[in-house]
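Have a look at the structure below before the remarks.
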Amino acid sequence: MSPRAACRLEALGFENVYDYELGKADWKAAGLPLEGTAVAYQTVADATRPDVPTCSPDELIGEVRERVLATGWSDCIVVDCEGLVVGRLRQAAWDLDDSTVVIDAMQSGPTTVRPDGLLDALVQRMDRRPMPLVVVTTPQGRLVGVVLREEAKRLLAGEPPEMVWAECAGCPGQWRPNHAT
Amino acid sequence: MPRAVSRAGLQRLIAEEDAQIVDVLPQQEYSESHIPAAVNIPLKDLTADTAAMLRRDKPVVVY
Numbered sequence: 047m048s049p050r051a052a053c054r055l056e057a058l059g060f061e062n063v064y065d066y067e068l069g070k071a072d073w074k075a076a077g078l079p080l081e082g083t084a085v086a087y088q089t090v091a092d093a094t095r096p097d098v099p100t101c102s103p104d105e106l107i108g109e110v111r112e113r114v115l116a117t118g119w120s121d122c123i124v125v126d127c128e129g130l131v132v133g134r135l136r137q138a139a140w141d142l143d144d145s146t147v148v149i150d151a152m153q154s155g156p157t158t159v160r161p162d163g164l165l166d167a168l169v170q171r172m173d174r175r176p177m178p179l180v181v182v183t184t185p186q187g188r189l190v191g192v193v194l195r196e197e198a199k200r201l202l203a204g205e206p207p208e209m210v211w212a213e214c215a216g217c218p219g220q221w222r223p224n225h226a227t
Numbered sequence: 009m010p011r012a013v014s015r016a017g018l019q020r021l022i023a024e025e026d027a028q029i030v031d032v033l034p035q036q037e038y039s040e041s042h043i044p045a046a047v048n049i050p051l052k053d054l055t056a057d058t059a060a061m062l063r064r065d066k067p068v069v070v071y
């Protein structure tokens, strides 16, 4: 839709026209604010955990297992060199031989959702399937993070999260226990 | 030919060139959520008359 609008503006004589084709979803995915009547509703982005571990399809299970389990996660999202989601390693993969290549052990094409979707609708879907975890990507398929069903439910119930994203000067952010809980 | 712009590029255009942002989605979708400071001109209504609200000396970014 926006490419047509940009072309139309140029046809109307505007000379400095840009097309932000990724639009609101991309803006929201970056954690930037939106305005409007529905902004108060919680979206998938509000419950997205960006700290999920990742690996590449050509790594070996033996290399990935230790790294992932040390983080406390049981799943690992498989991304290519451009950050596009290509698969997901579930807990069962850790029982495979060390020499197994990730691409042979992963679930290809996992279900993904966009950050700007409504969170309560997603949680209902996750309950029906059932899915304890769902992968969040940009519209182009780039990894944003994951939503954990139980965490999302707590957020919808207005309960404080167990973990919070903490930043400090000069160091990258990280998830830490929320001492307010 | 309109140029594609990334999120970072859009933020730079807003900060440095006072870019005008135009949400071309239907009015209902705009009302529900839009990028701050964006004006709404739905694609179906984009004509010389409605575009007259935009300045020609500033960049225009559509999404």
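If you read the protein sequences in the order shown, they are chains A and B.
Just add 46 to wherever you are in the first sequence, counting from 1, and you've got my numbering.
Just add 8 to wherever you are in the second sequence, counting from 1, and you've got my numbering.
Ideal placement from N, C-alpha and C gives every residue a C-beta, glycine not left out.
- Item | Chain-ordered chain B contacts of Trp73 (chain A) [CB-CB under 9 Å] | Position 27 of the first sequence, counted from the start, is the residue given in the question as residue 73 (chain A). At a beta-carbon threshold of 9 Å, the residues of chain B lying near Trp73 (chain A) are Arg15, Leu18, Ile43 and Tyr71, ordered along the chain.
- chain A contacts from the region 45-60 of chain B (Cβ-Cβ distance under 7 Å): Residues passing the 7 Å Cβ filter: Leu51, Leu54, Ala56 and Ala59.
- Message: Check whether chain B comes within 9 Å of Gly59 (chain A), counting only Cβ atoms and requiring the distance to be less than that.
- Response: By one-based count along the first sequence, residue 59 (chain A) stands at place 13. Closer than 9 Å: yes.
- Task: Would you decide whether Val182 (chain A) is buried or exposed? Buried here means 16 or more other CB atoms lie within 10 Å of its CB.
- Result: In the first sequence, counting from the first residue as 1, residue 182 (chain A) sits at position 136. Residue environment: Val182 (chain A) is assigned as buried (16 or more neighbouring CB atoms within 10 Å of its CB, all protein chains considered).
- Would you tell me roughly how many angstroms separate the C-alpha atoms of Met61 (chain B) and Asp31 (chain B), rounded to the nearest one? Along the second sequence, read from residue 1 onward, the residue named residue 61 (chain B) stands at position 53. Along the second sequence, read from residue 1 onward, the residue named residue 31 (chain B) stands at position 23. When rounded, the distance between both Cα atoms is 13 Å.
- C-alpha gap between Cys53 (chain A) and Glu112 (chain A), whole angstroms: The residue you call residue 53 (chain A) lines up with position 7 of the first sequence. The residue you call residue 112 (chain A) lines up with position 66 of the first sequence. A straight-line Cα-Cα distance of about 52 Å links Cys53 (chain A) and Glu112 (chain A).
- Query: At a cut of 8 Å, does the region 47-63 of chain A reach the region 168-186 of chain A through at least three beta carbon pairs?
  - Reply: The region 47-63 of chain A is not in contact with the region 168-186 of chain A.
- Thr83 (chain A): CB within 8 Å of a non-hydrogen atom of the ligand ZN: This structure does not include the ligand ZN; it has no bound ligands of any sort.
- Partner residues on chain D for Glu81 (chain A), Cβ-Cβ distance less than 9 Å: Looking for chain D here will not work: the only protein chains present are A and B.
- Query: Hey, quick one: how far does the alpha helix (DSSP H) through Gln28 (chain B) stretch, first residue to last?
  - Reply: Locating residue 28 (chain B) in the second sequence gives position 20, where the first residue counts as 1. Note, Gln28 (chain B): premise wrong, no alpha helix (DSSP H); beta strand (DSSP E) at Gln28 to Asp31.
- Item | Nonlocal neighbours in the same chain, by C-beta distance under 6 Å from Trp73 (chain A), ignoring five residues either side | As a first step, residue 73 (chain A) must be located in the first sequence, where it is residue number 27. Within the same chain, no residue comes within 6 Å of Trp73 (chain A) by CB-CB distance, once the 5 residues on both sides are set aside.
- Would you say Val193 (chain A) and Leu168 (chain A) are within 9 Å of each other, going by their C-beta atoms? Start at 1 with the first residue of the first sequence, and residue 193 (chain A) comes out as number 147. Start at 1 with the first residue of the first sequence, and residue 168 (chain A) comes out as number 122. Contact: yes.
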